[in-house]
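Everything below concerns the one structure shown next.
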Amino acid sequence: MRDFLPANLRLLCSHYRSVAEVCRKLRINRGQFNKYLCGNSVPTAFNLKRICDFFGVEEFEIGLPTDQFVNLIGGKAARINISREVSAPERILEHLRQQSSLQIKAYTGYYYEYYHAMTEPGSIICALVHVYEEDQHFVYERNERLQIVGAEEEYEQYRYVGVAYYLQDRLFLIDYESLTSNEVSQTILIPSFKSCITRLNGLKMGVSAADHRTPACSRVVWEYLGQEINRIDVYRKVRLYSMDDPVIDDDLRGRLAQTSVVDGLFVIS
1 MRDFLPANLR LLCSHYRSVA EVCRKLRINR GQFNKYLCGN SVPTAFNLKR
51 ICDFFGVEEF EIGLPTDQFV NLIGGKAARI NISREVSAPE RILEHLRQQS
101 SLQIKAYTGY YYEYYHAMTE PGSIICALVH VYEEDQHFVY ERNERLQIVG
151 AEEEYEQYRY VGVAYYLQDR LFLIDYESLT SNEVSQTILI PSFKSCITRL
201 NGLKMGVSAA DHRTPACSRV VWEYLGQEIN RIDVYRKVRL YSMDDPVIDD
251 DLRGRLAQTS VVDGLFVIS
């Protein structure tokens, strides 16, 4: 493999604007990648698989004599990622992924999310959120339950899925309701700069699920639960609460109340 890998790798990279772009997409150190291109080093098994998966070739193929490799990839153009045009939404998401700080890894795990209910004014929603990494993206799932009036222990279920980014010391989360696909919401959180994450403050914007579908913005608080949970036990708390319910403790009640309108802007006090 050492004899032919550098030339074959340079051939694959030539289909991109630069080697730097390939390194960014692969998330491999540029200096280390240059050693592969020059033949001074051979990728580890892990890195070799990443490289081959990225270019759409098999591990044994990238080590073939270069003339054979040229003929091979010529007949497999449809399989190679570089042959497929990237859509505008894909470019946008990839750009945000690259700009997002890896500090977001510290915020993976499960959370309770509290905010003022947009459908039931005067109530607080407690939802369950799970933030995790998948295919080099940070994504999340948010589950809500709203009690059905007049039907004890019966609930309407809502499931939101979305993507998360850490940009300039703020956490940005964008999701949509996956069961009906009739709304998109955005949450912006202020990270905790303490060694132990407990509660995060922020703002949430969305629309009411009621018929009038009023756009609304609320203070939001995320309460960290850990990397692993007993989902059955935790899910029992997912529901609507009145503002004076003992579940809404003084600290939480105070955080949810700290809002004001300044020069027409709804901001955190």
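If you read the sequence shown in the UniProt record's numbering, its first letter stands for residue 1, the second for the next number, and so on.
The beta-carbon is built from N, C-alpha and C at its ideal position, and this holds for glycine as well.
| Asked | Found |
| --- | --- |
| Minimum length 3: unbroken beta strand (DSSP E) runs contained in the region 30-100 | none |
| Collapsed DSSP secondary structure at L8 in the structure displayed | The question names Leu, but residue 8 in the sequence shown is Asn. Note: N8 maps to helix in three-state DSSP. |
| Straight-line Cα distance separating Q98 from C13 | 19 angstroms |
| Stretch-stretch touch, CB-based, cutoff 8 angstroms, three pairs: the region 104-113 with the region 33-40 | no |
| Those residues which DSSP pairs with G223 across a bridge | Here the sequence assigns Glu to residue 223, which means Gly is not the residue at that position. DSSP output for E223 lists Y112, R199 as bridge partner(s). |
| Through-space distance from R2 to A127, alpha-carbon basis | 53 angstroms |
| Cβ-Cβ distance between G162 and Y140 below 8 angstroms | yes |
| Terminal residues of the beta strand (DSSP E) in which G162 lies | 155-167 |
| DSSP bridge partner residues for S185 (one or two, in chain order) | D175 |
| For C13, the three-state DSSP class (helix, strand or coil) | helix |
| H127 - containing beta strand (DSSP E), residue span | Residue identity differs from the one stated: residue 127 is Ala in this sequence, not His. Here the beta strand (DSSP E) through A127 covers 123-134. |
| Closest residue to G202 among L173, L179, N230, G226 (Cα-Cα distance) | L173 |
| Cβ pair count under 8 angstroms reaching 3, the region 237-246 against the region 221-228 | no |
| At least 3 beta-carbon pairs within less than 8 angstroms: the region 50-70 vs the region 7-23 | yes |
| DSSP state of E21 mapped onto helix, strand, coil | helix |
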